[in-house]
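If you read the sequence shown in my numbering, its first letter stands for residue 23, the second for the next number, and so on.
In this text, a Cβ means the ideal position worked out from N, Cα and C, and glycines have one as well.
As the structure is a computational prediction, the values presented were derived from the model and not from experiment.
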Amino acid sequence: MGTTSLTKDEVLKKLITRASDPLVRDVYARIQQDRRPWGDQWIRPGAVKSWTELLNDALREGALTIEEAAFLLVETCR
């Protein structure tokens, strides 16, 4: 059983088609928010899921593949 490697462009195209999925939007938004200087310090604990929890939800529910999640993290955190 081999693994299939997708190019950056292929993953980007797939992500764009899935951008309407609320989980994908939430993951991206939380990653962006966590990159701000203040991070989560002003958010009441337990009030909002962290980006890692949202990413896990998206992977578990099939909203993102592993390749798409990795690409999203790398591109968002640049």
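Looking at the secondary structure, which residues open and close the alpha helix (DSSP H) in which residue 79 lies? By 1-based counting over the sequence shown, the position of residue 79 is 57. 73-82 is the span of the alpha helix (DSSP H), which, as asked, contains residue 79.
Among the residues of its own chain, which have a CB less than 8 Å from the CB of residue 78, if the five just before and after it don't count? The residue labelled residue 78 in the question sits at position 56 within the sequence shown. So no residue of the chain qualifies.
Buried or exposed by the 16-neighbour rule on C-beta atoms within 10 Å, applied to residue 83: Sequence index remark: in the sequence shown, residue 83 carries index 61 (1-based). By the 10 Å Cβ count, residue 83 comes out exposed.
Would residue 80 and residue 46 qualify as a contact pair, given that the criterion is a beta-carbon distance under 8 Å? Here residue 80 is taken as the residue at index 58 of the sequence shown, counted from 1. Here residue 46 is taken as the residue at index 24 of the sequence shown, counted from 1. Yes, the Cβ-Cβ distance between residue 80 and residue 46 is below 8 Å.
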